[in-house]
């Protein structure tokens, strides 16, 4: 089994976080924009490319906030992604320049139906993956520094 690297963006403005909106048979769910690192690509370039593909936005990549492992066999979707082992790097990003480069996503994910700003105070009310990162995003917004390595959370 191969281990895949993925770079994700945490974009916060006005107490809201920007996520991709997706739909499956259970309804709507939300993901942090980002995706797989290509051979020869540094992680900051991965997150920049993925934000154009999924959000239609150019971003400035800032600090690495969290590292999360996802070992599919340990989680609720093991029936279809039990073979997946992915390391995800979550970077704090900002849209640049603010609200002047809005375009349509160039390569949205297969379940993606849009993008949405969700209020950070209400993140527990939404089906967001990974579920475990919701509290860390709220703590970051409230200027609380927390651990970088989150382990195998879902």
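Numbering (the numbering used here), first residue to last: 352 to 505.
Heads up, the beta-carbon is just placed ideally off N, CA and C, and yes, glycines get one too.
Quick caveat: nothing in here was measured; it's all calculated off a predicted structure.
query: Closest by CA to residue 394, which one among 488, 408, 442?; result: 442
query: Taking its Cβ as the centre, do 16 or more other Cβ atoms sit within 10 Å of residue 381, making it buried, or is it exposed?; result: buried
query: Work out the CA separation of residue 469 and residue 430 for me, nearest whole Å.; result: 29 Å
query: Shortest alpha-carbon distance to residue 438 belongs to which of 367, 364, 499?; result: 499
query: If I'm right that residue 444 touches residue 360 with Cβ under 8 Å, what's the distance once you round it to whole angstroms?; result: 4 Å
query: Assuming residue 493 contacts residue 426 under a Cβ cut-off of 8 Å, what Cβ separation, rounded to an integer in Å, is found between them?; result: That belief does not hold up - the Cβ atoms of residue 493 and residue 426 are roughly 28 Å apart, past 8 Å.
query: Around the C-beta of residue 485, are 16 or more other C-beta atoms found within 10 angstroms, so that it is buried, or is it exposed?; result: buried
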